[in-house]
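Protein chains in written order, with this note's numbering: chain A, 279 to 847; chain B, 279 to 847.
Beta carbons are placed, not taken as given, at the ideal position from N, Cα and C, and that holds for glycine.
These notes concern the structure reproduced below.
Number of protein chains: 2
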Amino acid sequence: MSEHQHPLSKREQRARAQAYISQLQGETFPNSVRRYLHGERADIKVPVRSIQLHPTKHKDGSLSDNPPLNVYDTSGPYGDPAQQLDVLKGLPKLRLDWITTRNDVEASPVPPFHEIALDEWHTEFSHQPLRAKAGKTVTQLHYARAGIITPEMEYIALRENMGRTEQAQDDGMRRHSGNSFGARTPKVITAEFVRQEVAAGRAIIPANINHPEAEPMIIGRNFKVKVNANIGNSSVTSSIEEEVEKLVWATRWGADTVMDLSTGRRIHQTREWILRNSPVPIGTVPIYQALEKVKGDVSQLNWQVYKDTLLEQAEQGVDYFTIHAGVLKEYVALTAKRVTGIVSRGGAIMAQWCRIYNQQSFLYDHFEEICQLCAAYDISLSLGDGLRPGSIADANDEAQFAELRTLGELTKIAWRYDVQVMIEGPGHVPMQLIEENMTEQLKHCHEAPFYTLGPLTTDIAPGYDHITSGIGAAMIGWYGCAMLCYVTPKEHLGLPNKEDVKQGLIAYTIAAHAADLAKGHPAAQLRDNALSKARYEFRWVDQYNLALDPFTAKAYHDETLGHEGADTE
Amino acid sequence: MSEHQHPLSKREQRARAQAYISQLQGETFPNSVRRYLHGERADIKVPVRSIQLHPTKHKDGSLSDNPPLNVYDTSGPYGDPAQQLDVLKGLPKLRLDWITTRNDVEASPVPPFHEIALDEWHTEFSHQPLRAKAGKTVTQLHYARAGIITPEMEYIALRENMGRTEQAQDDGMRRHSGNSFGARTPKVITAEFVRQEVAAGRAIIPANINHPEAEPMIIGRNFKVKVNANIGNSSVTSSIEEEVEKLVWATRWGADTVMDLSTGRRIHQTREWILRNSPVPIGTVPIYQALEKVKGDVSQLNWQVYKDTLLEQAEQGVDYFTIHAGVLKEYVALTAKRVTGIVSRGGAIMAQWCRIYNQQSFLYDHFEEICQLCAAYDISLSLGDGLRPGSIADANDEAQFAELRTLGELTKIAWRYDVQVMIEGPGHVPMQLIEENMTEQLKHCHEAPFYTLGPLTTDIAPGYDHITSGIGAAMIGWYGCAMLCYVTPKEHLGLPNKEDVKQGLIAYTIAAHAADLAKGHPAAQLRDNALSKARYEFRWVDQYNLALDPFTAKAYHDETLGHEGADTE
Numbered sequence: 279m280s281e282h283q284h285p286l287s288k289r290e291q292r293a294r295a296q297a298y299i300s301q302l303q304g305e306t307f308p309n310s311v312r313r314y315l316h317g318e319r320a321d322i323k324v325p326v327r328s329i330q331l332h333p334t335k336h337k338d339g340s341l342s343d344n345p346p347l348n349v350y351d352t353s354g355p356y357g358d359p360a361q362q363l364d365v366l367k368g369l370p371k372l373r374l375d376w377i378t379t380r381n382d383v384e385a386s387p388v389p390p391f392h393e394i395a396l397d398e399w400h401t402e403f404s405h406q407p408l409r410a411k412a413g414k415t416v417t418q419l420h421y422a423r424a425g426i427i428t429p430e431m432e433y434i435a436l437r438e439n440m441g442r443t444e445q446a447q448d449d450g451m452r453r454h455s456g457n458s459f460g461a462r463t464p465k466v467i468t469a470e471f472v473r474q475e476v477a478a479g480r481a482i483i484p485a486n487i488n489h490p491e492a493e494p495m496i497i498g499r500n501f502k503v504k505v506n507a508n509i510g511n512s513s514v515t516s517s518i519e520e521e522v523e524k525l526v527w528a529t530r531w532g533a534d535t536v537m538d539l540s541t542g543r544r545i546h547q548t549r550e551w552i553l554r555n556s557p558v559p560i561g562t563v564p565i566y567q568a569l570e571k572v573k574g575d576v577s578q579l580n581w582q583v584y585k586d587t588l589l590e591q592a593e594q595g596v597d598y599f600t601i602h603a604g605v606l607k608e609y610v611a612l613t614a615k616r617v618t619g620i621v622s623r624g625g626a627i628m629a630q631w632c633r634i635y636n637q638q639s640f641l642y643d644h645f646e647e648i649c650q651l652c653a654a655y656d657i658s659l660s661l662g663d664g665l666r667p668g669s670i671a672d673a674n675d676e677a678q679f680a681e682l683r684t685l686g687e688l689t690k691i692a693w694r695y696d697v698q699v700m701i702e703g704p705g706h707v708p709m710q711l712i713e714e715n716m717t718e719q720l721k722h723c724h725e726a727p728f729y730t731l732g733p734l735t736t737d738i739a740p741g742y743d744h745i746t747s748g749i750g751a752a753m754i755g756w757y758g759c760a761m762l763c764y765v766t767p768k769e770h771l772g773l774p775n776k777e778d779v780k781q782g783l784i785a786y787t788i789a790a791h792a793a794d795l796a797k798g799h800p801a802a803q804l805r806d807n808a809l810s811k812a813r814y815e816f817r818w819v820d821q822y823n824l825a826l827d828p829f830t831a832k833a834y835h836d837e838t839l840g841h842e843g844a845d846t847e
Numbered sequence: 279m280s281e282h283q284h285p286l287s288k289r290e291q292r293a294r295a296q297a298y299i300s301q302l303q304g305e306t307f308p309n310s311v312r313r314y315l316h317g318e319r320a321d322i323k324v325p326v327r328s329i330q331l332h333p334t335k336h337k338d339g340s341l342s343d344n345p346p347l348n349v350y351d352t353s354g355p356y357g358d359p360a361q362q363l364d365v366l367k368g369l370p371k372l373r374l375d376w377i378t379t380r381n382d383v384e385a386s387p388v389p390p391f392h393e394i395a396l397d398e399w400h401t402e403f404s405h406q407p408l409r410a411k412a413g414k415t416v417t418q419l420h421y422a423r424a425g426i427i428t429p430e431m432e433y434i435a436l437r438e439n440m441g442r443t444e445q446a447q448d449d450g451m452r453r454h455s456g457n458s459f460g461a462r463t464p465k466v467i468t469a470e471f472v473r474q475e476v477a478a479g480r481a482i483i484p485a486n487i488n489h490p491e492a493e494p495m496i497i498g499r500n501f502k503v504k505v506n507a508n509i510g511n512s513s514v515t516s517s518i519e520e521e522v523e524k525l526v527w528a529t530r531w532g533a534d535t536v537m538d539l540s541t542g543r544r545i546h547q548t549r550e551w552i553l554r555n556s557p558v559p560i561g562t563v564p565i566y567q568a569l570e571k572v573k574g575d576v577s578q579l580n581w582q583v584y585k586d587t588l589l590e591q592a593e594q595g596v597d598y599f600t601i602h603a604g605v606l607k608e609y610v611a612l613t614a615k616r617v618t619g620i621v622s623r624g625g626a627i628m629a630q631w632c633r634i635y636n637q638q639s640f641l642y643d644h645f646e647e648i649c650q651l652c653a654a655y656d657i658s659l660s661l662g663d664g665l666r667p668g669s670i671a672d673a674n675d676e677a678q679f680a681e682l683r684t685l686g687e688l689t690k691i692a693w694r695y696d697v698q699v700m701i702e703g704p705g706h707v708p709m710q711l712i713e714e715n716m717t718e719q720l721k722h723c724h725e726a727p728f729y730t731l732g733p734l735t736t737d738i739a740p741g742y743d744h745i746t747s748g749i750g751a752a753m754i755g756w757y758g759c760a761m762l763c764y765v766t767p768k769e770h771l772g773l774p775n776k777e778d779v780k781q782g783l784i785a786y787t788i789a790a791h792a793a794d795l796a797k798g799h800p801a802a803q804l805r806d807n808a809l810s811k812a813r814y815e816f817r818w819v820d821q822y823n824l825a826l827d828p829f830t831a832k833a834y835h836d837e838t839l840g841h842e843g844a845d846t847e
């Protein structure tokens, strides 16, 4: 009854990806111009996409201009037609001067994994790992608490304003007050406000000193709601080329951060390619690689293997680590009566380890060492919810909330080390139980930013879980969740391909924007108003170009109505 | 950057639709069995789809059965493999005996429109219009108030229970309490409960005596949340064949009612084809046809043309009419400062008529005559929100709420005539303003069922408005909206084709089910639990078959992982 195109073979997919990344050119959207916002420092220029609009034609034949609309742009150099791109060399090292000028870092000594061969891929990456000088802490939280406004904070202030100080604040159209559930987004974001939010732990700037290619961004409920896209190959699918293609594609379609969840062979090489070419912060789940190192045998995992993995990834430049340190030995029994047990892969690995050795989790026991390591590179912690519910039935149970309270304790420990922290959340939650997730998280985790996977609001639609979860994501974003981890149509069924990445991101940029509107973000409604005005005035091309996906909007219109205009409804 | 297949030509689309409907065979979903639930009367048999499941394999090699899961089935005879189908003859007249046995109807005299030629399409429809005998009221509301439990009510009680009295009430898995915002759905729905809800005006059974082919269903917030699909051709697109194909397709994918919004030529014939072949209630917007009759000239519209149109549609068998009688002359000025003015087509027509003549709306002035006509056929009124907002900016404004209060007055008038009523709602509403729509509707419209279009929670994603609005639909369904009018990916851009109908319905059955879960519908979570259990036990085939769209779930899985099993996450 349903029709699907025959999927490409693995060889075809890889060849297509190789062609895509080798011919990359900076590209923006139709009728959009890449602009840069400037602050007081000459070396800070923040990209925005400026959508150019046609004038309104009045009945008397006169015209009135519609100002261009600036929108937040995650695509980095890939969104700049003037940019020369070469994935073999990687992106420019935007932050390197800022990092070295602070005079608190030094070149790392060369550990063995620096020698992992990349040259069979003919790369020309020029990455030289840095680390904090002895006794120094190099985190944005450390600077914020010391009252220092970093260039990263200045950059973010400009970026979060989305140029709205430059464009008409008042578009003459009605805008609604939000209901922000206690979030407070000022009309104009200053660098000092960014600093205060980071200092308070309410927001994080994931920015490893070894990932200077990334453009600074912030995750916190008093800022624009963010979206993460998961990519990563596995032993059965995908290639490095495809992962780089998905990375570029993800930033084009609005990913604020990307998690590389690769498993299988070439995990180090894949990550190196991703980091050197990523304009957005990169997160990982280090236990995945640690497990590869012990050939998948959980009983062989230990603190040393894990610590080496953290160090390896720290020096490559991973911006945030998902660490399932809240899966305590005593919580495992709480999952016994669940319908779907433990569905977090990291959570399941740690639960199994605890059972094998009848010992407390080595992640929990060594948490302070983890913090010390993160403080030396400015890696943010994303405290994983290893006991998140995997089904509607298991939502908001004692296992989940017991772990959440432990994540709150760990947050305080991390903050003692000036390490930035966010908290991961579920998963699968029916609508009436979503708000409790947010209020419990705020209460037990001291307002550290929340970062949820969906949640899915029903389990009955595999193949459409970007929709089942887009509903929950919009709602929890409204309630205060700072970043939404996308779910693609392939969730529960397979690994996302390039088209799935796009579909997941469209659903989640919708959810994030709906949340910004509902919270009353001062600038969010400008885009809705501009698009609605274009629609009402039959400026079809402007309507497409203001849409999240101009190509699909135009194609759908042309399919039914040809290139002529038609009624709006 | 985005790829779309070249759409079919109009000729190809029509030929494909013709082949589809001429070769129709009753068909159910993979591993599903069409079953019928029986009540006390021999002539009541209610279809359910019974999804057959595989046993659980335990570690010791033993097996334990998983009971089949019954799900609500809107597909009528099209979902029964044993059924002989012929679209030229139409569906069996399921309710005809019930209608005639009540002894309150008679054959209609033959008005001119009975002679509109259908025979160039070679149909063999045997429709003989009925009407109430003089002085009789034949509405389900009338019977309900008189204390009569009709066969329709018995049918609905069985249907709403979805066979859950037959299957294990307790699946052994955790189920959540809902937050129902005042809705009260009993654990077991009795026919007496159905009668009470109809008598109170809190629910309606759209069931024109001239549409005996339709299977009874109910719309009210103390029942399962329903979904409507809009179809209909226009002067530029589609054919009768395609509309019948979309009708069948819509009922297969979960449409509880279908609205035929056809315009252009052959509007009567298209509707006749749809009615004679529809197992679900059909709604229309009669002003569309009235306007065709005066060749699109609004100034030529008048009460007589409109009344004749109502009568024509009443005798064909339309189950509910959308009537924009709340667009009062004095409200039009309230829309002057809107971003998107009046976007409801019916609302715009009536506003224009009021402006031309500077008179009160003839729909408002003749509302009691409309009620008299509806009472003679049991046509439900769907009081249209002609001033619904067409953009986020215009949500919840005075124009919208002024009309809503008038709809409340009209509800009381309709109830005086024993006419069933539901109220239409928006449209475009940011999340923080959705709940107010529901509470205002309940308050001003005396708990008559609410029936909303979405609402879209943002305007920035044309091409994906099934998602922007699926979010709002799930939320307002939770708050108490009784039926959700779907929005397809083509909304604002073009008319939905068959695939769009499916995509819209999947998004909206997700929204309706998420709402049922959140309200605490006693049986909703059975399906989530069954699917989650299948997922956890790696019963892949069961997971597909329990999904809303088994075909897509399986295709996505096979695309990545081949036909072998794999990890759940």
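With 7 Å as the limit, tell me which residues of the segment 601-630 of chain B have their beta carbon closer than that to any beta carbon of chain A; keep them in chain order. Answer in chain order: V617, T618, G619, V621, R623.
Beta-carbon proximity of R473 of chain A to A424 of chain A, cut-off 7 Å: No Cβ-Cβ contact shorter than 7 Å links R473 of chain A with A424 of chain A.
Hey, would you say the C-beta of L419 of chain B is under 6 Å away from at least one heavy atom of the ligand FAD? Although the ligand FAD was asked about, the structure shown includes no ligands whatsoever.
Closest by C-alpha distance to S848 of chain B, when choosing among B:T684, B:A614, B:N439: No answer is possible for residue 848 of chain B: it lies beyond the span of chain B, which begins at 279 and ends at 847.
Have a look at P325 of chain A and R313 of chain A and give me their C-alpha separation to the nearest angstrom. C-alpha separation (whole angstroms): 6 Å.
Count the other C-beta atoms from every protein chain shown that fall within 10 angstroms of the C-beta of T610 of chain A, then say buried if there are 16 or more, exposed otherwise. It should be pointed out that residue 610 of chain A corresponds to Val in this sequence rather than to Thr. Result: buried.
Within the segment 386-473 of chain B, note down every full beta strand (DSSP E) run reaching 3 residues or more, in order along the chain. As far as the segment 386-473 of chain B is concerned, its whole beta strand (DSSP E) runs of at least 3 residues are 408-410.
Output yes if chain A places a C-beta closer than 7 Å to the C-beta of I738 of chain B; else output no. True, the Cβ-Cβ gap to chain A drops below 7 Å.
Exposure label - A412 of chain B; buried when at least 16 CB within 10 Å: Label assigned to A412 of chain B: exposed.
N-terminal and C-terminal residue of the alpha helix (DSSP H) that A680 of chain B is part of: Counting along the chain, the unbroken alpha helix (DSSP H) around A680 of chain B starts and ends at 676-694.
Just the C-alpha distance for K832 of chain B and S287 of chain A, rounded to the nearest angstrom, thanks. Rounded to the nearest angstrom, the two C-alpha atoms are 18 Å apart.
Determine the DSSP secondary structure at H602 of chain B, reduced to helix, strand or coil. It is coil, neither helix nor strand.
For M451 of chain B, return the contacting residues in chain A, with the cut-off set at a CB-CB distance below 7 Å. Identification of chain A residues near M451 of chain B by a Cβ-Cβ cut-off of 7 Å yields V617, A671, ordered along the chain.
Would you verify that the beta carbon of H269 of chain A is, or is not, closer than 7 Å to some beta carbon of chain B? The first residue shown for chain A is 279 and the last is 847, placing residue 269 of chain A beyond what the model contains.
Assuming C652 of chain A is part of the alpha helix (DSSP H), what are its boundary residues? Per DSSP, C652 of chain A belongs to the alpha helix (DSSP H) from 645-653.
Taking Cβ positions, are C723 of chain A and I701 of chain A nearer each other than 7 Å? Contact flag set, yes.
List the DSSP bridge partners of Y729 of chain B. Note: Y729 of chain B sits in a beta bridge opposite B:E702, B:M761.
Throw me the rounded Cβ distance for the I482 of chain A and G498 of chain A pair, which I believe falls under 8 Å. 7 Å between Cβ atoms; contact.
Measure the C-alpha to C-alpha separation of Q535 of chain A and F459 of chain B and round it to an integer number of angstroms. What sits at residue 535 of chain A in the sequence shown is Thr, not Gln. Near 37 Å, if we compare the C-alpha coordinates of F459 of chain B and T535 of chain A.
When you compare only the Cα positions, how much space is there between E432 of chain B and E493 of chain B? Taking the straight line from one Cα to the other gives about 12 Å.
Taking 7 Å as the CB-CB limit, is I634 of chain A close to chain B? Taking Cβ atoms only, chain B never reaches closer than 7 Å to I634 of chain A, which makes this a no.
Under the three-state DSSP convention, the category S287 of chain B falls into: For S287 of chain B, the secondary structure class from DSSP, reduced to helix, strand or coil, is coil.
Pick out whichever of A:M716, A:A802, A:P708 has its Cα sitting closest to the Cα of A789 of chain B. Ranking the options by Cα distance to A789 of chain B, first place goes to A:P708.
Within the continuous alpha helix (DSSP H) that includes L315 of chain B, where are the two ends? Run containing L315 of chain B: none in the alpha helix (DSSP H); it sits in the beta strand (DSSP E), 310-316.
DSSP three-state call for L347 of chain A: helix, strand or coil? DSSP, read as helix, strand or coil, puts L347 of chain A in strand.
Counting contacts by CB-CB distance shorter than 7 Å, is H835 of chain B in contact with chain A? By this cut-off, H835 of chain B is an interface position.
Mind listing the chain B neighbours of Y742 of chain A? Cutoff is C-beta to C-beta under 8 Å, in chain order. Chain order gives the chain B residues near Y742 of chain A as I784, A785, I788, L826, D827, T830, where near means a beta carbon separation below 8 Å.
Kindly indicate the opening and closing residues of the beta strand (DSSP E) around L659 of chain B. Residue range 658-661 is occupied by the beta strand (DSSP E) that includes L659 of chain B.
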